[in-house]
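Here's the structure we're looking at; comments come further down.
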Amino acid sequence: MQRFVDVHDSLDTPPRVLLCSLRDGSLIMPIYEQPFTIPRFKILQLQPPEIIQLQGNDGTILFGALYRPDIERFGSLPYKTLISVYGGPTVQLVCDSWMNTVDMRAQYLRSKDILVWKILDAIISLG
1 MQRFVDVHDS
11 LDTPPRVLLC
21 SLRDGSLIMP
31 IYEQPFTIPR
41 FKILQLQPPE
51 IIQLQGNDGT
61 ILFGALYRPD
71 IERFGSLPYK
81 TLISVYGGPT
91 VQLVCDSWMN
101 TVDMRAQYLR
111 SKDILVWKIL
121 DAIISLG
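In the numbering used here, the protein residues as written are 1 to 127.
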């Protein structure tokens, strides 16, 4: 057992799966990499959301993701806004993950001049 599998993605990077050495963490070989050259990615013009933190009145930190409309296409504020509150019980939706970038509902609404704000309600989901 001299190897491990590293699975990584982020707001800016599609998933990739790498076989790495336990000894020094070096790459042995890529198992799967999603190239950005797929024409569909270019056509869709996906923009990663902005990860934000807000402090509630009680001091609780609330995490959110903002999908802002394109300022060059739609101008600046104010925007129509959709707030999507997540209260659990499964995993948190607001994280540095490619899944947030490819949230097609949020991306579609963003492309239609709607600001989408996904927020984790820590009070509900964390008790």
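Note that CB positions come from ideal geometry on N, CA and C, so glycine has one too.
In chain order, what residues of the same chain have a beta carbon less than 8 Å from the beta carbon of residue i, not counting five sequence neighbours either side?
| i | result |
| --- | --- |
| L46 | T101, V102, Q107 |
| L109 | Y67, L82, V116 |
| D9 | P15, R16, S97, W98, M99 |
Name the DSSP bridge partner or partners of residue i?
| i | result |
| --- | --- |
| A65 | I51, K118 |
| L19 | V5, M29 |
| S10 | T13 |
| V85 | I119 |
Checking 8 Å against the spacing of the C-beta atoms, do residue i and residue j come in under that value?
| i | j | result |
| --- | --- | --- |
| L18 | I31 | yes |
| S97 | K118 | no |
| I61 | V94 | no |
| L22 | F4 | yes |
| L120 | L66 | no |
Could you check how far apart the C-beta atoms of residue i and residue j are, in whole angstroms? I think they sit under 8 Å.
| i | j | result |
| --- | --- | --- |
| L11 | P35 | Actually they do not touch by this definition, with Cβ atoms about 17 Å apart. |
| Y79 | D24 | Not quite, the Cβ-Cβ distance comes to about 48 Å (not below 8 Å), so this is no contact. |
| P15 | V7 | 7 Å |
| Q55 | F63 | At roughly 11 Å, the Cβ-Cβ gap does not stay under 8 Å, so Q55 and F63 are not in contact. |
Looking only at its own chain, which residues have a Cβ that is under 6 Å from the Cβ of residue i, when we skip the five neighbours before and after it?
| i | result |
| --- | --- |
| Q2 | L22 |
Ignore the nearest five residues each way along the sequence and tell me which others in residue i's own chain have a CB closer than 7 Å to its CB.
| i | result |
| --- | --- |
| N57 | none |
| E33 | R16 |
Would you say residue i touches the ligand NAP, meaning its beta carbon is less than 7 Å from a heavy atom?
| i | result |
| --- | --- |
| T60 | With respect to the ligand NAP, the structure shown offers nothing to examine, as it has no ligands at all. |
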